[in-house]
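Participant: Taken in order, the sequence shown gives residues 19 to 380; the numbers are from our numbering.
Glycine residues also receive a C-beta, built at the ideal position from the N, C-alpha and C atoms.
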Amino acid sequence: MLVDLGELKELVEWEAVERFEEGYNVDVEEVRRRAKKAKSASELMAIYRALGEAEPRRGYPFREPTDLKAIVTERPAPPTRVHVDLSAEELAGRLLGAWLGRCAGCILGKPVEGWSRERIVKALKAAGEYPLKGPYFPAAAFPELERERLLPLTREGLRRAERDDDLDYTLLNLMVYEAQGSQFHTEDVAEAWLSLLPYRLTYTAERAAYRNLVLGFKPPETATYLNPYREWIGAQIRADLWGYVSPGDPGRAAELAYRDARLSHTKNGVYGEMFAAAMLALAYAVDSPRKLVEEALKVIPERSRLAEAVRHVLSLHAKRLEWEEAIGEILNRYGQYHPVHTINNAAIVVAALLWGEGDFAR
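(1) Residue range of the alpha helix (DSSP H) that F160 falls in?
(2) Quick check on P216: does DSSP put it in helix, strand or coil?
(3) Please tell me whether V46 and L69 are closer than 8 angstroms, where the distance is taken between their beta carbons.
(4) Here's the rule: buried if 16 or more other CB atoms are within 10 angstroms of the residue's CB, otherwise exposed. What is M297?
(5) Near C124, what residues of its chain come up, given a Cβ to Cβ distance below 8 angstroms and the 5 sequence neighbours on each side ignored?
(6) Considering only the beta carbon of each residue, do G266 and L300 sit closer than 8 angstroms?
(7) Sort R280, Y148, Y302 by Cα distance to G261 and report the nearest one.
(8) Counting only the same chain and skipping the five closest in sequence on each side, list residues whose C-beta sits under 7 angstroms from that of L212.
(9) Locate the alpha helix (DSSP H) running through D38, then write down its first and last residues.
(10) How is the alpha helix (DSSP H) around G346 delimited, first residue to last?
(11) Taking the C-alpha atoms as reference points, what is the distance between A336 and N350?
(12) In angstroms with no decimal places, state the Cα-to-Cα distance between E326 and E82.
(13) Roughly how many angstroms separate the alpha carbons of G175 and A271, rounded to a whole number?
(14) Considering F293, what are the terminal residues of the alpha helix (DSSP H) in which it resides?
(15) Would R256 be called buried (16 or more neighbouring beta carbons within 10 Å of its own) or exposed?
(16) Going by C-alpha to C-alpha distance, which of A379, A295, Y289, A370 sits closest to E92?
(17) Taking the alpha helix (DSSP H) that G146 belongs to, which residues open and close that run?
(18) Buried or exposed for T381, going by 16 or more other Cβ atoms inside 10 Å?
(19) On the CB-based measure, 16 or more other CB atoms within 10 Å of its CB, does T98 come out buried or exposed?
(20) With DSSP run on the structure shown, which of helix, strand or coil describes P307?
(21) From E375 to R167, what distance separates their C-alpha atoms?
(22) So F80 and R323 are in contact, right, with Cβ under 8 angstroms, and what is the actual spacing, rounded?
(23) Helix, strand or coil, according to DSSP, for Y66 in the structure here?
(24) Is the Cβ-Cβ distance between R277 and T188 less than 8 angstroms?
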């Protein structure tokens, strides 16, 4: 099993949350109570198996398959391929810009990973930097005892992009693509993880899938066995490479992303990677952030929670809400999800694109 009793309790408790969010009849608090009282792995596994047998809630409005054929059936329309009129030099520039943009965004957020919006705002206001007056966080935004550790991630000390899992998978997927081309399989991604990615540098769904690979599970079971994080953001952060190698072709980008995502994720966890990859593919030729989002929605199920969240953000933008008001509305509506769940994070990404109006610095 490769997990101790404490971790197994945590996995079972989060499985209850996940099953409830998926639309099943689960009393989350009752499961938590029973899990905390459990004295053995066998007791916990009995609770876990019972969760897998829970009945769907009546009236649950979403349809969220993980099988690719079923996903295609549930799409609102076939994704539209757009012509990309770029020279080889321009294409290389776009690719470099995409990679540097990912690095920049990663390092901007890295020192405050896990912080709430309220904590970030409070820290920046205390430093006289809300909104930010320059690139990256100033050292003054952090407690004095933490500044030395965080200095390489601040405006004053930044010299390079530090290693982060948000960057690891872009490079890892590049290596898979270089070795296998567009015909790669999920099993090729799994082999790359086992060969090139240290277990302790994986988190949540990726760590669960890695553990399952070591135990002998094969995809797609790697994504489901003792993996309550299967709709969290791990797959979405792995999307970039599939968009990079699919200029103007959101359908292709989404299909490549699907092969990657199914190793560790299901349902909205998979859709998040497909949606992000589609947006990246379209960004080669589509300048309008709104059109980018609307077109990328065609690659995921229309009746999914993720599609509903994205459409809601589009509606807020159409109402011309101010940025602060829109973010507050998004957090109120989707704040029940874990801070690293796919749905709430994708909603904020879409909001940033729409309200940023094409200005990366915003």
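Facilitator: Quick answer:
(1) Note, F160: premise wrong, no alpha helix (DSSP H); not H, not E.
(2) Here P216 sits in coil by DSSP.
(3) Contact flag unset, no.
(4) With 16 or more Cβ atoms within 10 Å of its Cβ, M297 is classed as buried.
(5) These residues qualify, in order along the chain: A179, D182, D184, L185.
(6) Taking 8 angstroms as the cut-off, the Cβ atoms of G266 and L300 count as close.
(7) Of the listed residues, the one whose Cα sits closest to G261 is Y302.
(8) Closer than 7 angstroms at Cβ, skipping near neighbours: L231.
(9) Here residue 38 is Phe; the residue named in the question, Asp, does not match the sequence. 23-39 is the span of the alpha helix (DSSP H), which, as asked, contains F38.
(10) 341-352 is the extent of the alpha helix (DSSP H) around G346.
(11) In a straight line, the C-alpha of A336 is about 19 angstroms away from that of N350.
(12) Going from the Cα of E326 to the Cα of E82 covers about 12 angstroms.
(13) Linking G175 to A271 through their CA atoms gives a straight-line distance of about 36 angstroms.
(14) In the DSSP annotation of this structure, the continuous segment of the alpha helix (DSSP H) that includes F293 starts and ends at 285-300.
(15) A residue is called buried once 16 or more other Cβ atoms fall within 10 Å of its Cβ, and R256 is buried on that count.
(16) Out of A379, A295, Y289, A370, Y289 has the C-alpha closest to the C-alpha of E92.
(17) In this chain, G146 is not harboured by any alpha helix (DSSP H), its DSSP state being neither H nor E.
(18) With the chain represented from 19 up to 380, any question about residue 381 goes unanswered, as that position is not in the structure.
(19) Under this definition T98 is an exposed residue.
(20) Helix at P307.
(21) Straight-line Cα distance between these residues: approximately 34 angstroms.
(22) The pair is a contact, with the Cβ atoms about 5 angstroms apart (cut-off 8 angstroms).
(23) In the three-state reduction of the DSSP assignment, Y66 falls in the helix class.
(24) No.
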